[in-house]
Every structure is written in C-alpha cells, then in structure tokens.
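From first to last, the protein sequence lines are chains Z and C. The first sequence finishes on residue 353 if you use UniProt numbering, and the numbering steps up by one all the way, no holes. The second sequence finishes on residue 275 if you use UniProt numbering, and the numbering steps up by one all the way, no holes. Ideal placement from N, C-alpha and C gives every residue a C-beta, glycine not left out. Notes follow once the structure below has been shown.
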Amino acid sequence: MSSGIRFDSVSVAYGRNGENTVLDSLDLTVEPGEVMALLGPSGSGKTTALRAVAGFVRPASGRVLIGDRDVTALPPHRRGIGMVVQQYALFPHMRVEDNVAFGLKAQKVSRAEIPGRVADALEMTGMAAYAKRFPRELSGGQQQRVAIARALAIRPGVLLLDEPLSALDAQLRSGMLAELARLHRELPDVSILYVTHDQVEALTLADRIAVMDRARLQDCGTPQELYRRPRNEFTASFVGNANLLPVSVGVGSVSLGGAELKVDTGEVASGVSATLCVRPHLVGLGAGPNSLGGKVTEVQWRGATHRVYVDVAGHSVKADLRELREPPALGSEVTLHFAPEDAVLLAAGVTDG
Amino acid sequence: MLVHSRKGKWATWALFFVLFLPLFALPLLVIVAASFAGHWSGAFPSGFTGEHYSAATRGESLQALTTSLLTALGASLIALTAGTWAALAAARLKQRGDGTTRLSRLCGRTLDTLFMLPVAVPSVVVGLAVLVAFSKPPMILNGTSTIVVLAHAILVTAFAYQSVAAAIVRLDPAYEQAAASLGARPAYVLWRVKLPLLLPSLTAAAGLCFALSMGELSATMMLYPPDWTPLPVRIYAATDRGATFTGAALAVVLMTATLLVLFAVSRIRTKAPYR
Numbered sequence: 001m002s003s004g005i006r007f008d009s010v011s012v013a014y015g016r017n018g019e020n021t022v023l024d025s026l027d028l029t030v031e032p033g034e035v036m037a038l039l040g041p042s043g044s045g046k047t048t049a050l051r052a053v054a055g056f057v058r059p060a061s062g063r064v065l066i067g068d069r070d071v072t073a074l075p076p077h078r079r080g081i082g083m084v085v086q087q088y089a090l091f092p093h094m095r096v097e098d099n100v101a102f103g104l105k106a107q108k109v110s111r112a113e114i115p116g117r118v119a120d121a122l123e124m125t126g127m128a129a130y131a132k133r134f135p136r137e138l139s140g141g142q143q144q145r146v147a148i149a150r151a152l153a154i155r156p157g158v159l160l161l162d163e164p165l166s167a168l169d170a171q172l173r174s175g176m177l178a179e180l181a182r183l184h185r186e187l188p189d190v191s192i193l194y195v196t197h198d199q200v201e202a203l204t205l206a207d208r209i210a211v212m213d214r215a216r217l218q219d220c221g222t223p224q225e226l227y228r229r230p231r232n233e234f235t236a237s238f239v240g241n242a243n244l245l246p247v248s249v250g251v252g253s254v255s256l257g258g259a260e261l262k263v264d265t266g267e268v269a270s271g272v273s274a275t276l277c278v279r280p281h282l283v284g285l286g287a288g289p290n291s292l293g294g295k296v297t298e299v300q301w302r303g304a305t306h307r308v309y310v311d312v313a314g315h316s317v318k319a320d321l322r323e324l325r326e327p328p329a330l331g332s333e334v335t336l337h338f339a340p341e342d343a344v345l346l347a348a349g350v351t352d353g
Numbered sequence: 001m002l003v004h005s006r007k008g009k010w011a012t013w014a015l016f017f018v019l020f021l022p023l024f025a026l027p028l029l030v031i032v033a034a035s036f037a038g039h040w041s042g043a044f045p046s047g048f049t050g051e052h053y054s055a056a057t058r059g060e061s062l063q064a065l066t067t068s069l070l071t072a073l074g075a076s077l078i079a080l081t082a083g084t085w086a087a088l089a090a091a092r093l094k095q096r097g098d099g100t101t102r103l104s105r106l107c108g109r110t111l112d113t114l115f116m117l118p119v120a121v122p123s124v125v126v127g128l129a130v131l132v133a134f135s136k137p138p139m140i141l142n143g144t145s146t147i148v149v150l151a152h153a154i155l156v157t158a159f160a161y162q163s164v165a166a167a168i169v170r171l172d173p174a175y176e177q178a179a180a181s182l183g184a185r186p187a188y189v190l191w192r193v194k195l196p197l198l199l200p201s202l203t204a205a206a207g208l209c210f211a212l213s214m215g216e217l218s219a220t221m222m223l224y225p226p227d228w229t230p231l232p233v234r235i236y237a238a239t240d241r242g243a244t245f246t247g248a249a250l251a252v253v254l255m256t257a258t259l260l261v262l263f264a265v266s267r268i269r270t271k272a273p274y275r
C-alpha cells in the first residue's frame, strides 16, 4: 500500500477574515516511497502543511491528496496516516504495548492479529524489551521509538514526522537519525513527510527537500542540488552554511570590491549586480585561483576546524579550515581563494551575510 | 517549605494551630463530644452515653442515612454525566481553528455562564424554582423522591462542570490528535483517551458533588416528601425540638458516612498514576 502525498495549491489562513496567511498556495508532490523534508525556520508554514495532511487544519483553498484520494474534507481518523510529533504524545495511562496496539484496536483489526503486529512494530524500533513499561518509565529517546512504533503498527501508507528529534539531545539525535534511515530502508513503500528546522536532519534523511519561508515554498530539490546549486539566497543560507557576497557581474567573471573573480556566470547578464554564494569549507587559505585579500576579524576554534572570519572589501567572508597548527593572528592580512566551480552565482537581491 | 529559619518555622506552625484549632477543629470536636453526652450544663459535657448513637443508627434515622446516600449518589451521577458532557461540548465550541465560528465560541461562553448560575443563585431559590416548575402538568414530580434528587443534581452540576472544564483546558490536544491520526473515531478517543486522562478530575468532581449533596438542607426542606427524608433534615428536626445530642450523633454519622465515601472515591484511579 504505497501512496504519495500531493498538495494542490493549498492555502491556510487564520484570523477573523482569514487575513493571516500561514500557508500560501503550496504545490508539492511527495512521490510514493519518498522521504520529503519540509525545511524552514519557525513560522515558515512547514508544520501547517503537515497538519493539513493530517487533517488538523482545514485549508482555506486547494486540495490535499493522499495516493489518489482527495482527503481535504476527511476527518483525521479516516486518512490512513501515521504521525509522530515532537512531544511524543504517548498515552500516559497505557503500557507501551497498549500504546502500540491502540491504532489497531481503534481500527478493529482482528484480535488474533494484534499481538503479532505489536511485537513486530516494537521489534523494528528495538523496543521489544520495554513492552510492559509505562511511558513515564522510559527516557526521551525510548519514548520517541515507541511513538514511531505506534505510528508504524497501523501500516500507514504515509508517515508524518513533525520535528521528531528536536526534543532529544545531540548524541541521541544522530543515533535516531540513523535509525530512521534504517527504518525507511526496511519500509521502502512508506512515503515520509518530515518537518524539521534542522538542515543536518534534512540533508541526512531526505530524498528531496522542500525549503519553506514566510508561508511559501522557496525551493525544492534533492539535497545535493540544493546544497551545490541553490537557486536563491534563502536556500543557500538555510541549507548548509554560505558566504553570500554582493558582486557585479561581468563576462565570465564577477567583481567584488576591486577583485576580479572567475566564475560561471551562466545566464546572468553582465552589468547587473548579483549574489555570489561560496560554501565556507570550500574556501582555502593562501594564494590560488580567485584570490581575495583581507584582514582577519575573528578566529573560532571548533575542534576539527578553525573558522576564520576575514573582512574583504567591507564584506565578512567565513572560511572553515582544517584545524590549523598556527591560526592567523587577529588583524593580520591573509589571502583566501576558492575554485571557480565551487561558487554559485545567484541572480538579484543582496543581503549581506 | 518557604520559611527557612527554625524560629520562623515554629512561628508558622503556632499561627497555623491558633487559626486552625478554634476555626475548624474545635466545632467538629464539640459535636463529637456532644454526641456522647448525657448532660451538658458546665464547660464540659458529662454523663458519657452511647445511647444517641443506638438511636441514630436504627429505624427512621437509619432510613434517613440511606436516603441521603442514595440521593447523593443519584445527584452526583447525574451531575457528573451532565457536567462532563457540557464541559466537553463547551470546550469543543470554544476551540480555536478548525471549523469553529464566532457564533460557536459565543455558545461556548454562554454555556460557561449558564453553568455558573446554580452557584450564584441561593439554593432556596433553586429549591423553590424546582418546586414550582414540577408541580404542574405535564411533569408532576411534587412529593416524589425524584424531585429531591433532581434539585440536588441541579445544585451540584455547576461544580462538576467547572472542575471538569478546568481539567479539559489543561489536557494537551496532542493526545487527542495522536489518537485520531491512528484511526480512532471521536467516540473511541473520548472513551479510551480523554476520559481516562480526565479521570483524576472526574473523581474529584464526583467527591465534591457527593459531599455537597450529603449536606444540602435549604432546597431539600422545600421539597422532601415524608417517605424521603434525608439526614440533614432529620438533624435539623432533632435540633429544632431540642434534642441537641441526638442531632449531634446524627451529624457525626452524616460526617463519617460522607468521609468514608470520599475516601473510597479518592481510591479510584487509572492503572498508572501519572503527572
């Protein structure tokens, strides 16, 4: 039972006359078996989009489809979804096994079948040993596993994950991330809509990422596309780190301050101003192609790397360098470089990063 | 403890006893003392006797206790059902977002106000209202036990409503939504998730209703038929004809019965204590 999700210009608005638009005509298709991350800052409309699929908000206009079914007018319990939320929402008065069996009992699955499916779901999330516990006797990570088992037990075609890892600490989070990736490999037919504000989660887990900001879809593509070839500044800065530099475009090159930089200008017309995006870890120290001279304003040691901030013609350029034996002194003049193919030129609009 | 110094603690305890003993404990102790007294002419009662109790626990007095217990049981069950139902409905009406209009929110607030009324209106008025309302066709309940139970239910429903409504506001909507996403119909969610999670406040409300009904006198006085005399009426009657010690014994019986029921109700819990 594999089914995708389709948003057909879905808008959601709150307020007396619907003046407060929280989701503005979203068009997005999640293919069957695909993991789609909805990535964006808080208030970007990503959770609203997920809740529209779950049936907890009613779109002001547009349609939501699960598989071939138009579910826009269906109540949540008839949509056939599995959902996991940030605060787990395990039923505190039920044991783990009863939590997992809840959906099966509610859907009147035959009594003989329930114990087996509960055991399967708990086995899959590694929680089989905790079946008799109450939720309050489990750690945060364990509760989240139970919540996932509970959602998977009903064998939904669509799994909705709303910031499932944000209540966990960093170490648990990376463990659970690997766990989720494994679950998806074991259940290749389940389409997953994964709402997060964490780019690492999105990059790690998603087949495609939809970047949202201010109630709108900004960009959508595979993690590689968005990371290597972002289409706009918001994507560039939100998916991974980026130096965004205002440049004026020439022919086959751009100029920043006085420096002439060779980059692929693509379809951007010469003579206009544009934004040059360079990832900090692709910036090197020392002379090379596309050199930029500047003064060191700050050095941060991050263990494996040094992040060096250099002031180039009034713009701050970040460089993530492999741990330096002798980091440059503050205020010293340094030269940075980057390969022409590592830079992306974004047309129009400049905000100094 | 908020007070840290040793002296401060002692002072707080002393103040507590100075206020608590004369205001709360002493009147109750006096009743217990009086219920065992043969005479009471000096500062202390004299002539210890258990006779009042043997009178208070048989015949008409025993029947009055049963009447009171049955009335309180009936009234609290009606109040709890109606109050919970109304509180759930009002909460749904007031809920923001999906499918609610300004009109429905107004209805929700109106329900809140309506259920405040029996608290605000003196119980004598409620008693009179019930008497007048059910003394004419088509519903003639005057002179039946039903009218007493009904009046009690009307008086205590407000308390059930308010304590359940307060608990619903605190209930995290995530539970309900998680249940719905798992395919549970609203009735199933109510029965398996919401009511069990509300159980602590439901039992608290039940206890409150029961205790209030057990002690209700003023509305009952206007309504009770001869064959349905609750205990407070008998206490009043005994005291009125000068049999204070008998009244005291009856009062102790009333108090004990109420406390025992409250204790039993407080033992009702879901399998797991949470929060």
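| Item | Value |
| --- | --- |
| Touch test, the segment 205 to 221 of chain Z against the segment 30 to 49 of chain Z, Cβ-Cβ under 8 Å, three pairs minimum | yes |
| Local Cβ density within 10 Å of Q142 (chain Z), reported as buried at 16 or more and exposed below that | buried |
| Close beta carbons around G240 (chain Z), own chain, < 8 Å, minus the five adjacent residues each side | Q199, L203, Y227, R279 |
| Whole-angstrom distance between G140 (chain Z) and L168 (chain Z), CA atom to CA atom | 7 Å |
| Beta carbon proximity, P200 (chain C) to chain Z, threshold 8 Å | no |
| Three-state secondary structure assigned by DSSP to residue 354 (chain Z) | In this structure chain Z extends from 1 to 353, so residue 354 (chain Z) is not present and cannot be described. |
| For L111 (chain C) and residue 364 (chain C), believed in contact at Cβ under 8 Å, the rounded distance | With chain C represented from 1 up to 275, any question about residue 364 (chain C) goes unanswered, as that position is not in the structure. |
| Within 8 Å, strictly: CB atoms of L152 (chain Z) and G82 (chain Z) | yes |
| Opening and closing residue of the beta strand (DSSP E) in which P188 (chain Z) lies | Element bounds for P188 (chain Z): n/a, residue is neither H nor E. |
| Per DSSP, cross-strand counterpart(s) of I66 (chain Z) | Z:I5, Z:R69 |
| Partners in chain C for V85 (chain Z), counting only beta-carbon separations shorter than 8 Å | A174, Q177, A178 |
| In DSSP terms, what A343 (chain Z) is bridged to | Z:V278 |
| Supposed contact pair L250 (chain C) and I235 (chain C) - C-beta distance, whole angstroms, cut 8 Å | 5 Å |
| Limits of the beta strand (DSSP E) - the one that Q300 (chain Z) falls within | 291 to 301 |
| Bridge partner(s) assigned by DSSP for residue 354 (chain Z) | Only positions 1 to 353 of chain Z appear in this structure, which leaves residue 354 (chain Z) out of reach. |
| Beta-carbon spacing of P32 (chain Z), G80 (chain Z) below 8 Å | no |
| Residues that G103 (chain Z) contacts on chain C, provided the C-beta gap is smaller than 9 Å | A179, S181, L182, G183, A184 |
| Any chain C beta carbon closer than 8 Å to I81 (chain Z) | yes |
| Partners in chain Z for P196 (chain C), counting only beta-carbon separations shorter than 7 Å | H93 |
| For R192 (chain C), the nearest candidate out of Z:E163, Z:S253, Z:G284, Z:M94 (CA to CA) | Z:M94 |
| Segments of 4+ residues assigned as alpha helix (DSSP H) that fall wholly inside the segment 45 to 116 of chain Z | 46 to 54, 96 to 106 |
| C-alpha gap between S201 (chain C) and H152 (chain C), whole angstroms | 20 Å |
| Residues from the segment 135 to 168 of chain C in contact with chain Z, defined by Cβ distance under 7 Å | none |
| For T144 (chain C), the three-state DSSP class (helix, strand or coil) | coil |
| Sheet register partners of A121 (chain Z) (DSSP bridge) | In DSSP, A121 (chain Z) forms no bridge with anything. |
| In DSSP terms, what residue 357 (chain Z) is bridged to | There is no way to answer for residue 357 (chain Z), as the model of chain Z reaches only from 1 to 353. |
| Spatially closest choice to N142 (chain C) from C:S266, C:L70, C:M222, by CA coordinates | C:M222 |
| 7 Å Cβ cut-off: residues of chain C touching F7 (chain Z) | Chain C residues near F7 (chain Z): none, gap ~18 Å exceeds 7 Å. |
| Span separating the alpha-carbon of A121 (chain Z) from that of A112 (chain Z) | 16 Å |
| Neighbourhood of A158 (chain C) by C-beta distance below 8 Å, restricted to the same chain and skipping five residues each side | G83, F115, M116, L117, P118, V119 |
| Partner residues on chain C for Q107 (chain Z), Cβ-Cβ distance less than 9 Å | L182, G183, A184 |
| Beta carbon of L321 (chain Z) nearer than 8 Å to that of T335 (chain Z) | no |
| R216 (chain Z), enclosing beta strand (DSSP E) - first and last residue | 216 to 221 |
| Beta carbon of A184 (chain C) nearer than 8 Å to that of H184 (chain Z) | no |
| DSSP state of L190 (chain C) mapped onto helix, strand, coil | helix |
| Inter-residue CB distance, R88 (chain Z) and A147 (chain Z) (contact presumed, cutoff 8 Å) | The amino acid occupying residue 88 (chain Z) in the given sequence is Tyr; Arg does not appear at that position. The Cβ separation is near 5 Å, so the contact holds. |
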